[in-house]
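Here is the structure we will look at, set down as structure tokens.
Residue numbers (our numbering), protein chains in the order written: chain A, 5 to 387; chain B, 4 to 388.
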């Protein structure tokens with residue numbers, strides 16, 4: 005226990021230096037928290053995407069007749085098929101892009117892992133103009149159950165000629181990591197019947213749940229073969245593969261990891277310097293401590309303590325700042341700006357703590373070596 | 004005064020050797036910051052440059068009213084000739100307008116690593132090549148109008164499987180062979196090109212995506228736009244080709260730029276605290292020296308200046324080192340973003356920006372210590388050990 009006051013006085017000997025060191029460690033770990041948190045988000049997306057859910061997309065852009073859903077259902081290995089209409093448009097101003105997935109009632113079985121309650125799925129099915137939206141989407145447009153949301157769709161014709169859809173918010177559901185911008189889901193039947201006769205009976209894509217994830221690839225191939233010679237050939241991709249393919253082709257995880265490591269190395273260099281200098285200044289003091297009977301390990305503990313306190317404290321503060329920033333992020337960026345938000349999982353904190361300990365030990369290593377080799381008499385004489 | 008600043012600074016830099024590792028904190032801190040900033044920005048800059056090159060300011064693009072991308076735009080067969088014959092469009096040697104009906108269709112492709120992806124298949128009409136002086140064939144031959152064949156961009160070949168000469172691309176009416184490889188030096192290099200009318204038939208489409216024209220001169224855009232937007236038979240948006248691509252590249256590159264600046268900003272603040280720390284330590288090491296100078300009659304300002312100058316010199320050295328590393332690692336490397344292929348780039352302007360950041364950090368980090376150095380009472384400093 006006697007170390008604590010000693011360690012405290014060592015750190016507070018130069019308070020400006022201590023605070024500056026702490027602050028730079030905080031910044032490094034803010035960066036660390038954000039980048040590793042971003043990696044946690046990417047991992048979560050990879051984990052939520054399923055290998056047994058197959059998207060059936062038009063191969064050449066023409067929408068798919070809904071009759072294909074029934075034909076797809078008959079293919080062996082297919083458990084469920086749902087149809088989706090994509091309502092792309094903007095809200096109030098052209099720059100406010102928004103997208104509502106209009107789903108048929110089978111989609112509740114295809115997307116059984118989505119965070120919608122049975123009651124919420126019922127709401128979508130029963131209210132033609134109703135939508136269930138996620139928290140992020142609700143926050144973006146300041147919507148709550150009962151509010152109206154008007155979407156203009158210049159590229160999707162409506163039978164009444166308006167291209168304007170008034171949708172009623174029924175309920176708010178939880179978000180999904182792979183829908184970083186939130187989501188909105190409405191009623192496919194309304195979407196379908198509101199369109200001009202020529203455009204009716206068509207889905208933008210189908211979603212299939214396979215009986216067995218290992219057979220998804222084979223099921224996908226069968227679906228493609230089934231419609232290869234129809235007016236609307238298809239292509240299929242599992243949700244998992246789509247998630248991998250939707251990436252920009254850039255290994256963002258490697259980039260963020262690289263940034264985190266460079267930030268840590270920079271801070272390692274910085275704290276190592278500070279500790280080295282602090283030890284250099286107090287060389288004679290350490291000699292005195294040894295003279296009055298402090299053991300080698302006691303003196304070393306003191307030095308390690310001196311670097312560990314700012315590192316660990318700074319790491320926790322820094323990750324805290326990162327968490328606060330991540331929480332505020334959806335409000336900081338304009339709507340429709342698809343920036344992935346870092347997830348502050350407990351593992352992020354654990355990694356930060358481990359890194360902080362490594363930096364603390366690394367930065368005190370050289371001074372510790374010097375103290376170990378110290379010749380007490382010379383050190384005292386230098387004074 | 005200037006002489007004093009010079010003498011004090013020279014003395015200062017001579018003593019740097021003794022404070023080597025301490026001073027390296029500034030160099031390493033800013034080197035890491037600027038290196039990371041420029042590496043991340045090299046993607047944004049390269050991508051933007053690839054877009055800017057397609058956007059020839061001498062061309063204009065016509066899309067349906069309010070369309071934000073070529074894919075979501077549609078120009079009917081009836082509208083096309085009105086647009087192409089409008090005033091302000093340059094004429095080719097054969098007297099016909101230098102204008103082209105374009106198609107823009109997404110086609111599924113297999114990436115080299117086996118994952119599925121998309122690229123853009125573009126339709127060129129008879130004037131497609133004449134409109135684009137940057138387009139030239141590298142290998143094989145150009146597709147023939149009316150034939151079901153395609154040419155592929157040189158960049159697409161480095162990203163996707165099955166796009167060599169002789170390979171077939173599966174379209175709704177069967178396989179279309181690839182007969183040649185072209186290069187444009189911009190994002191078209193990652194795409195495929197075929198004959199507009201033949202593709203239109205194959206895809207059962209009745210409308211083009213856009214019309215591209217060469218303007219008679221740089222200033223005829225307004226006349227051209229007025230002719231089209233006042234014509235009740237048309238409902239279109241006219242944009243200078245360069246402005247159009249600036250808008251598109253803005254959508255694609257803002258995210259990357261935001262990421263780079265957020266990371267760079269956080270690191271710069273970290274480096275700033277490191278800089279403050281180092282400069283405070285430096286003036287405390289140099290305490291006696293400074294006090295002696297003051298006692299000899301040197302002013303407070305030259306002393307303060309010498310501290311700031313030292314910080315700036317170290318920071319700029321660090322920034323240049325970081326920029327050099329970023330340049331060596333990234334400049335010229337081929338990058339892929341979505342369906343676009345481009346070359347990463349660390350241009351002198353970005354290096355300048357990095358050095359600018361470093362100077363700001365050094366000024367902020369040197370200022371407080373310099374004030375303290377200048378204000379410290381001489382007697383007290385001389386007495387201190």
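Just so it is clear, CB atoms sit at the ideal spot from N, CA and C, and this is done for glycine as well.
Local Cβ density within 10 Å of residue i, reported as buried at 16 or more and exposed below that
i: residue 208 of chain A; result: buried
i: residue 192 of chain B; result: buried
i: residue 17 of chain B; result: exposed
i: residue 7 of chain A; result: exposed
i: residue 383 of chain B; result: exposed
i: residue 130 of chain B; result: buried
i: residue 305 of chain B; result: buried
i: residue 164 of chain A; result: exposed
i: residue 170 of chain A; result: exposed
i: residue 274 of chain A; result: buried
i: residue 296 of chain A; result: exposed
i: residue 372 of chain B; result: buried
i: residue 344 of chain A; result: buried
i: residue 362 of chain A; result: exposed
i: residue 379 of chain A; result: exposed
i: residue 380 of chain B; result: exposed
i: residue 206 of chain A; result: buried
i: residue 15 of chain B; result: buried
i: residue 153 of chain B; result: buried
i: residue 25 of chain B; result: buried
i: residue 218 of chain A; result: exposed
i: residue 346 of chain B; result: buried
i: residue 4 of chain B; result: exposed
i: residue 23 of chain B; result: exposed
In DSSP terms, what residue i is bridged to
i: residue 175 of chain A; result: A:136
i: residue 87 of chain A; result: A:210
i: residue 114 of chain B; result: B:163
i: residue 340 of chain B; result: B:343
i: residue 217 of chain B; result: B:62
i: residue 191 of chain A; result: A:107
i: residue 170 of chain A; result: A:154
i: residue 101 of chain A; result: A:94
i: residue 156 of chain B; result: B:185
i: residue 242 of chain A; result: A:58
i: residue 265 of chain A; result: Paired residue(s): none; residue 265 of chain A is not in a bridge.
i: residue 82 of chain A; result: A:214
i: residue 67 of chain B; result: B:239
Residue of the options minimising C-alpha distance to residue i
i: residue 319 of chain B; options: B:363, B:163, B:167; result: B:363
i: residue 207 of chain B; options: A:379, A:123, A:67, A:383; result: A:67
i: residue 161 of chain B; options: B:339, B:356, B:7; result: B:339
i: residue 432 of chain B; options: B:359, B:381, B:261; result: No answer is possible for residue 432 of chain B: it lies beyond the span of chain B, which begins at 4 and ends at 388.
i: residue 177 of chain A; options: A:357, A:168, A:143; result: A:143
i: residue 253 of chain B; options: B:24, B:47, B:92; result: B:47
i: residue 10 of chain B; options: B:337, B:323, B:300; result: B:300
i: residue 4 of chain A; options: A:229, A:218, A:211, A:305; result: The structure shown has nothing for residue 4 of chain A, since chain A only spans 5 to 387.
i: residue 64 of chain A; options: B:288, B:212, B:174, B:248; result: B:174
i: residue 198 of chain B; options: B:106, B:68, B:324; result: B:106
i: residue 60 of chain B; options: B:221, B:374, B:76, B:157; result: B:221
i: residue 213 of chain A; options: A:292, A:132, A:83; result: A:83
i: residue 196 of chain B; options: B:31, B:110, B:210; result: B:110
i: residue 221 of chain A; options: A:279, A:136, A:326, A:81; result: A:81
i: residue 129 of chain A; options: A:189, A:365, A:44; result: A:189
i: residue 157 of chain B; options: B:357, B:352, B:367, B:337; result: B:337
i: residue 173 of chain A; options: A:149, A:21, A:242; result: A:149
i: residue 356 of chain B; options: B:85, B:87, B:323, B:296; result: B:323
i: residue 330 of chain A; options: A:40, A:19, A:12; result: A:40
i: residue 143 of chain B; options: B:87, B:168, B:128; result: B:168
Inter-residue CB distance, residue i and residue j (contact presumed, cutoff 8 Å)
i: residue 28 of chain A; j: residue 271 of chain A; result: 6 Å
i: residue 270 of chain B; j: residue 35 of chain B; result: 7 Å
i: residue 184 of chain B; j: residue 155 of chain B; result: 6 Å
i: residue 44 of chain B; j: residue 219 of chain B; result: Actually they do not touch by this definition, with Cβ atoms about 38 Å apart.
Give the list of continuous alpha helix (DSSP H) stretches no shorter than 4 residues that lie fully inside the stretch 267 to 319 of chain B. 290 to 298
Could I get the ranges of all uninterrupted alpha helix (DSSP H) runs contained in the stretch 302 to 378 of chain A, with 4 residues as the minimum, in chain order? DSSP runs (the alpha helix (DSSP H)) wholly in the stretch 302 to 378 of chain A: 350 to 376.
Quick one: complete alpha helix (DSSP H) runs, 4+ long, within the stretch 20 to 72 of chain A? none
Which runs of the alpha helix (DSSP H) spanning at least 4 residues fall entirely within the stretch 77 to 142 of chain B, listed in chain order? 82 to 87
For the stretch 168 to 246 of chain B, which segments carrying the beta strand (DSSP E) assignment without a break, of at least 3 residues, lie completely within its bounds, in sequence order? 171 to 174, 177 to 186, 195 to 198, 213 to 217, 239 to 243
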